[in-house]
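Just below is one structure, and these are the notes that go with it.
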Amino acid sequence: MDKIKVSAVSYTNTLPFLQGIRASDVINDIELSVDYPSECARKVIEDEVDMGVIPVAALTKLEEYHIIGDYCIGTEDYVDSVFIFSNKPISEIDTLLLDQQSRTSNGLARILLKHYWKRDVQVLTEGEADAYVLIGDRTFGKKEEVPYVYDLGHYWRELTGLPFAFAVWVSNKKLPDSFEEKFNAALAEGVSRPDDVIPGLPVFPNFDYHKYLNENLNFHLTNEKRQAIEKYLAWYTELE
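Residues 0 to 239, numbered by numbering that gives the first Met the number 0, are exactly what the sequence shown covers, in order.
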């Protein structure tokens, strides 16, 4: 069998998955690349890879997709790595600068502005704005540096009562069941010991990796998270 091309995300939130994959025999079945989220999605959409952990907004761009396994990058409430940062209260912002690395979080910010904060703002992809979306490791230690900080996982929970799944493992074609089972087992092993990835990570002020990996993140793709994906995609397609 040809090796299955897999794209993973380069952020800390994916390290538990990667440690499970690299410790499993499944590593011999795949050709693994590591990218930022929007590039990971592009590779799956354009069939440069067979599967990846892709932002859920990218599902709207796939003619065919299969969610692989029982794990995701998700949260039950505060995720502590997906924010709107602002120099003024969100009730006063008129412009929002999007993050070029993630379409899901950009969509989530716009959904919350529309449905939770009831704000109609101008969305920018470059230049200066009243507020901006920032995700992933680039947010670590930055909460104390900006006057107003809004954790999007928390406000999604406030709006819907649901947890959230930011990214899921998805293939753009049907893969062998035996491979899917082996890959899922590797993910399960990796997320069972998230603290193992912490040694050697860069230190940031007021940022706790143990809390982030064990409490802020929740890797289980539950039925509630699947409901959240459906609700998110319905609102997301209304934005486009």
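We put the beta carbon where it would ideally sit given N, CA and C, even for glycine.
Original post:
Taking one C-beta from the segment 159–174 and one from the segment 228–238 each time, how about it: are there three or more such pairs within less than 8 Å?
Top reply: yes
Subject >> Helix, strand or coil at Leu133 according to DSSP, with G and I counted as helix >> reply: Your numbering for residue 133 matches position 134 in the sequence shown. Reduced to three states, the DSSP call for Leu133 is strand.
Original post:
In angstroms, rounded to a whole number, what distance separates the CA positions of Ala108 and Leu97?
Top reply: Mapped onto the sequence shown, residue 108 falls at position 109. Mapped onto the sequence shown, residue 97 falls at position 98. Roughly 9 Å separates the two Cα atoms.
**OP:** Please report the Cβ distance between Asp76 and Arg156, rounded to the nearest whole angstrom; I am assuming they are in contact, meaning their Cβ atoms lie under 8 Å.
**Re:** In the sequence shown, residue 76 corresponds to position 77, counting from 1. In the sequence shown, residue 156 corresponds to position 157, counting from 1. 5 Å between Cβ atoms; contact.
Original post:
Out of Lys181, Ser37, Val5 and Leu58, which has the shortest C-alpha to C-alpha gap to Ala233?
Top reply: As a working note, residue 233 is residue 234 in the sequence shown. Answer by Cα proximity: Leu58.
Original post:
Expressed to the nearest angstrom, what Euclidean distance is found between the alpha-carbon atoms of Thr11 and Val120?
Top reply: Position 12 of the sequence shown, counting from 1, holds the residue named residue 11. Position 121 of the sequence shown, counting from 1, holds the residue named residue 120. Looking at the two C-alpha atoms, the distance is approximately 31 Å.
Original post:
For the alpha helix (DSSP H) that Thr236 lies in, which residues bound it at each end?
Top reply: For the purposes of this step, residue 236 is identified with residue 237 of the sequence shown, where counting begins at 1. Its alpha helix (DSSP H) spans residues Asn222 to Leu238.
Original post:
Three or more C-beta pairs closer than 8 Å, one from the segment 46–56 and one from the segment 75–90: is that the case here?
Top reply: no
Original post:
If we count the other Cβ atoms within 10 Å of its Cβ and call it buried at 16 or more, is Asn205 buried or exposed?
Top reply: For this step, residue 205 is matched to residue 206 along the sequence shown. By the 10 Å Cβ count, Asn205 comes out exposed.
Subject >> Cβ-based burial, Gln99 [other Cβ within 10 Å; buried from 16] >> reply: Your numbering for residue 99 matches position 100 in the sequence shown. So Gln99 ends up on the exposed side.
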